[in-house]
């Protein structure tokens, strides 16, 4: 029987733009907070995983050197938007296999250092070399979704309004000002039909968690451990021919597998953080996770069920659109949010009585792939 | 002072055939498993066979989806075009305006594209897709 694995500590810095700070100066407070929150000593940590996409060589050593957590195996991970959740999955695997009892996982990204604009994609890539950007990819998803489901363009503006409403009461969110439907629809066009306020902001973030084996949790008498019921990772499938841009195959496959491993279904999920990098994404993923049937995402959103106070709050943190989307930090930030929700520590944006949570990080723009990678994690208290 | 970095070609094989004044995209067909891929490749992405050869795509395809993006000093439409050979290609779209935008699932054909001043794409945009004229 495989060993159970638990989240026992979380740390996160407020997301925003801090170009005057180095990665190491920016990220260490999140790591320190997670370690102190977990109650483990530095010497108890068997292995550390660091996720970063654009920060450069040896990010784990850069940050952990600041707090003297060195000498242990430090594993640096890159998997685009799923970097942080990939790192978590690897830590969980190592613990399940009995090769570690306590692992630290953190993610950091500082997009403010790029100046602005969309994420730089590889110029070796056909689509990117011809000018395609991530907003462009999601704009094409949106265009096709509008075409297939006959929704109005203003329908996905409601996602932005909800995200900002949630972000306004999350002290760790990058975007803390609510917006109106009119402001969303009057914001400047980025990639038709997506406007500026349909897109996640570029910014900086760092988040960290400590995970431990069941043996450790019992031995150390950890208070409020949160069980990792399932964490699943898939790469997208290379497909040079036609495929749907509005039904995510890799997210659907990862979700189905995670539900099966956890022995839970969409109806059991009390709170979810899903990959709303652009407004259309949230609608697509409602369907992928079977929170509603295909074509019914707009009705679900407008019913208020996915807003705070609704029956199934989605992205109570504000999600990528308001909390922010510093690429490799996102997967870990989602886990921090879900763990704190399940522990009842989220204050103004707490989902009352949440017992089961789901996190979903997917992405990576690469020609011929629907998404580069996708990770789904289900947590339970 | 030469300070230019080496730039790799997007493919090591030609992707455009302009012989005889017609413009066609060149994909790859695998002789062992029959799979098609684009951009052209010296190895089959399904069976890893090296027995591959150029596949000249038909001139017409169907526009799957589209968006706008900055190009040179202005904005262009661009999108994914699905060819009958089960190949999807991202390219720029010509001849459309905000008042007459592209339409999903409409027929488009490939034509040569002239260089655009101030273009910031890392690859040359040497072809584009335009609407297939409705039967006269």
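Protein chains in written order, with our numbering: chain D, 777 to 1157; chain X, 3 to 138. C-beta: ideal position from N, C-alpha, C; glycine also.
Can you pull the chain D neighbours of residue 81 of chain X, defined as C-beta to C-beta under 7 Å?
The contacting residues are 916.
Could you pull out every residue in the same chain whose Cβ sits closer than 6 Å to the Cβ of residue 1123 of chain D, ignoring the five residues on either side in sequence?
Taken in chain order, the list of residues that qualify is empty.
Tell me which residue opens and which closes the beta strand (DSSP E) that residue 82 of chain X is part of.
Unbroken beta strand (DSSP E) run through residue 82 of chain X: 76-85.
How many Å lie between residue 896 of chain D and residue 1062 of chain D at the Cα?
Approximately 28 Å between the Cα atoms of the pair.
When burial is assigned at 16 or more other CB atoms within 10 Å of the CB, is residue 1085 of chain D buried or exposed?
It counts as exposed.
Short of 9 Å Cβ to Cβ, which residues in the region 61-86 of chain X face chain D?
Against chain D - using a Cβ distance shorter than 9 Å - the residues of the region 61-86 of chain X are 64, 66, 67, 68, 69, 70, 71, 72, 73, 77, 78, 79, 80, 81, 82, 84 and 85.
Leaving out the 5 sequence neighbours to the left and right, which residues in its chain are closer than 7 Å to residue 822 of chain D when beta-carbon positions are compared?
For residue 822 of chain D, where only same-chain residues beyond five positions count, the Cβ hits under 7 Å are 848, 876, 877, 878 and 879.
Would you call the CB atoms of residue 1014 of chain D and residue 1144 of chain D closer than 7 Å?
Cβ distance < 7 Å, so residue 1014 of chain D and residue 1144 of chain D count as in contact.
Just to confirm, is the Cβ distance from residue 799 of chain D to residue 884 of chain D under 7 Å?
Their beta carbons are under 7 Å apart, which means residue 799 of chain D touches residue 884 of chain D by this criterion.
Sort X:45, X:118 and X:91 by Cα distance to residue 77 of chain X and report the nearest one.
Looking at the Cα atoms, X:118 is the closest of the given residues.
Whole angstroms are fine: how far does the CA of residue 982 of chain D sit from the CA of residue 949 of chain D?
C-alpha separation (whole angstroms): 12 Å.
Suppose only complete runs of 4+ residues qualify. What are the alpha helix (DSSP H) ranges in the region 825-861 of chain D, listed by chain order?
Counting whole runs of 4 or more residues, the region 825-861 of chain D contains the alpha helix (DSSP H) stretches 835-842.
So who's on the other strand from residue 882 of chain D, going by DSSP bridges?
Per DSSP, D:826 and D:984.
Show which residues of chain X have a CB atom less than 8 Å away from the CB atom of residue 772 of chain D.
There is simply no residue 772 of chain D to check, as chain D begins at 777 and stops at 1157 in what is shown.
For residue 920 of chain D, would you say it is in contact with chain X, using Cβ-to-Cβ distances shorter than 7 Å as the test?
Taking Cβ atoms only, chain X reaches closer than 7 Å to residue 920 of chain D, which makes this a yes.
Output, in chain order, the set of chain D residues within a Cβ distance shorter than 7 Å of residue 125 of chain X.
Under the 7 Å cutoff, chain D gives 905 and 906.
For the alpha helix (DSSP H) containing residue 116 of chain X, list its first residue and its last residue.
From DSSP, residue 116 of chain X is part of no alpha helix (DSSP H); its letter is neither H nor E.
I'd like the list of long-range same chain contacts for residue 992 of chain D, defined as Cβ closer than 7 Å, with 5 residues on each side in sequence excluded.
Excluding sequence neighbours, residue 992 of chain D sits near 877 and 878.
Considering only C-alpha positions, which residue in the set D:856, D:915 and D:1153 is nearest to residue 1022 of chain D?
Checking every option, the nearest Cα to that of residue 1022 of chain D belongs to D:915.
Between which two residues does the alpha helix (DSSP H) holding residue 1106 of chain D run?
Where residue 1106 of chain D is concerned, the enclosing alpha helix (DSSP H) stretches over 1103-1118.
Nearest CA to the CA of residue 17 of chain X: which residue from X:121, X:98, X:112 and X:51?
If we check each option's Cα against that of residue 17 of chain X, X:112 comes out closest.
Pick out whichever of D:911, D:869, D:891 and D:829 has its Cα sitting closest to the Cα of residue 71 of chain X.
Residue D:911 is the option with its Cα nearest to residue 71 of chain X.
Considering only C-alpha positions, which residue in the set D:1017, D:1038, D:1037 and D:1067 is nearest to residue 1050 of chain D?
Considering only alpha carbons, the answer is D:1067.
Does chain D have any CB closer than 7 Å to the CB of residue 3 of chain X?
With a pLDDT of 46 at residue 3 of chain X, under the threshold of 50, the modelled position of that residue is not reliable, and the figure given next carries that caveat. So, not an interface residue.
For residue 154 of chain X, count neighbouring C-beta atoms within 10 Å of its own C-beta (all shown protein chains included) and say buried if the count is 16 or more, exposed if not.
No answer is possible for residue 154 of chain X: the residues shown for chain X start at 3 and end at 138.
Is the region 852-862 of chain D in contact with the region 1136-1154 of chain D, if contact means three or more CB pairs nearer than 8 Å?
As far as the Cβ criterion goes, the region 852-862 of chain D touches the region 1136-1154 of chain D, which means the pair count is three or higher.
To the nearest whole angstrom, what separates the beta carbons of residue 936 of chain D and residue 973 of chain D, a pair I think is in contact under 8 Å?
Confirmed, Cβ separation roughly 5 Å.
Could you name the residues of chain X that residue 923 of chain D contacts, counting a contact when the two beta carbons are closer than 7 Å?
Those are 106, listed as they occur along chain X.
Taking the alpha helix (DSSP H) that residue 1026 of chain D falls in, what are its first and last residues?
Element bounds for residue 1026 of chain D: 1025-1038.
In terms of residues, what are the limits of the beta strand (DSSP E) holding residue 887 of chain D?
Note, residue 887 of chain D: premise wrong, no beta strand (DSSP E); not H, not E.
Quick one, are the C-beta atoms of residue 1127 of chain D and residue 1047 of chain D less than 7 Å apart?
Contact: yes.
Grab me the residues of residue 785 of chain D's own chain with a C-beta within less than 6 Å of its C-beta, minus the 5 sequence neighbours each way, in chain order.
So the list reads 810, 813, 814 and 986, once near-sequence residues are dropped.
From residue 1097 of chain D to residue 1064 of chain D, what does the alpha carbon distance come to, in whole angstroms?
C-alpha separation (whole angstroms): 19 Å.
Would residue 57 of chain X pass as an interface residue toward chain D - the criterion being a Cβ-Cβ separation below 7 Å?
Not one chain D Cβ lies under 7 Å of residue 57 of chain X.
For residue 957 of chain D, does the three-state DSSP call read helix, strand or coil?
Residue 957 of chain D falls in the helix class under three-state DSSP.
Can you have a look at residue 60 of chain X and say buried or exposed, based on whether 16 or more other CB atoms are within 10 angstroms of its CB?
Exposed: under 16 other Cβ atoms inside 10 Å.
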